[in-house]
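In our numbering, the protein residues as written are 584 to 890. Cβ atoms here follow ideal geometry from the backbone N, Cα and C, with glycine treated the same way. Only a predicted model underlies this, so the values are computations on that prediction, with no experimental measurement involved. One structure is given here, and the rest of the page talks about it.
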């Protein structure tokens with residue numbers, strides 16, 4: 584069997600797809616590829632879902648059909664392992680009072696009489712970050728999925744990378760502030776870590792650009808020319824009447840982030856896509872494929888005017 588290796592991945596696409604599909608089957612999921620899109624050369628996207636529960640779905644993108652499918656399957660595991668499919672739902676009293684609500688290693692912190700944030704949650708730096716005015720209360724940190732005030736605040740164990748110490752972060756904070764940001768899956772631990780960190784960089788830079796109205800420098804044409812497959816995708820979009828601009832989102836070389844903006848002159852709207860990865864080529868490809876994930880050329884008239 585032919586094996587296809589792409590930058591940033593620690594296993595052949597064929598191996599990743601076969602392993603992910605088998606694991607999902609073993610877990611009782613029957614995944615179907617519901618729709619495929621290939622609007623321009625070197626840009627593929629796929630929508631996969633569980634046959635028995637169409638709300639359990641993910642989307643994948645990539646420069647090839649196999650890369651897009653591997654991406655979608657990887658994201659399915661991301662959502663499964665982080666319970667993302669059920670993040671917006673109250674899970675009921677049986678789950679709320681069961682052995683655990685989210686993970687077996689979660690820890691519950693009872694509410695205090697004066698409703699202070701319970702001791703043992705967060706570390707000093709995070710307390711100062713999330714509650715600089717000392718206004719936060721314990722009852723505000725009860726998670727949506729359990730809603731179990733009698734049980735208290737559910738904290739999940741995170742490993743502080745500076746010293747490998749465990750810090751318990753309220754599930755409420757994770758669900759309210761971060762949603763899926765930073766969740767990642769990979770063929771290896773380091774691949775998953777790079778993916779997760781890249782996503783954190785991407786969202787951080789995007790927020791700073793918007794909040795501070797930062798004007799980004801355009802990526803030089805000679806740099807873009809090093810990536811002919813991406814340039815073919817961009818050229819096809821521009822031939823269809825959609826100007827594309829690629830910008831350096833590194834904020835002075837600090838972050839591995841790229842921003843690509845698509846304009847629709849027909850209605851004066853635009854869409855900015857952000858992508859990140861330590862490998863520039865991977866970041867660029869990721870940003871362009873994200874631009875068209877789940878969209879055909881006929882779907883590029885739904886964006887909003889720039890502000």
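The C-beta distance from residue 701 to residue 692 rounds to 4 Å, short enough to meet the 8 Å contact threshold.
Of the other Cβ atoms in all chains shown, fewer than 16 fall within 10 Å of the Cβ of residue 793; this residue is therefore exposed.
Looking at the DSSP output, residue 845 bridges to 827, 854. With a beta-carbon spacing of about 5 Å, residue 599 and residue 653 fall inside the 8 Å limit used to define contacts.
Rounded to whole angstroms, residue 592 and residue 860 show a C-alpha spacing of 12 Å.
Cα atoms of residue 804 and residue 587: separation of roughly 29 Å, rounded to the nearest angstrom. Under the three-state reduction of DSSP, residue 772 is assigned to helix. Judged by DSSP in its simplified three-state form, residue 778 adopts helix. For residue 608, the enclosing alpha helix (DSSP H) stretches over residues 596-609.
Per DSSP, the continuous alpha helix (DSSP H) segment holding residue 811 begins and ends at 811-822. Counting other Cβ atoms within 10 Å of its Cβ, residue 650 reaches 16 or more and is therefore classed as buried. Contact between residue 822 and residue 814 is ruled out by a C-beta separation of about 12 Å, above the 8 Å threshold. Around the CB of residue 754, 16 or more other CB atoms lie within 10 Å, so the residue is classed as buried. The stretch 715-722 makes no contact with the stretch 667-678; the number of CB pairs closer than 8 Å stays below 3. Within the same chain, 690, 692, 703, 704, 705, 738, 739, 740, 741 come within 8 Å of residue 751 by CB-CB distance, once the 5 residues on both sides are set aside. Cβ neighbours of residue 766 within its own chain (closer than 6 Å, five residues either side excluded): 661, 665. Taking C-beta atoms as the reference points, residue 874 and residue 854 count as a pair closer than 8 Å. Cβ-Cβ distances below 6 Å link residue 726 to 737, 754, 755 in the same chain, with the five nearest sequence neighbours on each side left out; the list follows chain order.
Taken through DSSP and simplified to helix, strand or coil, residue 832 comes out as coil.
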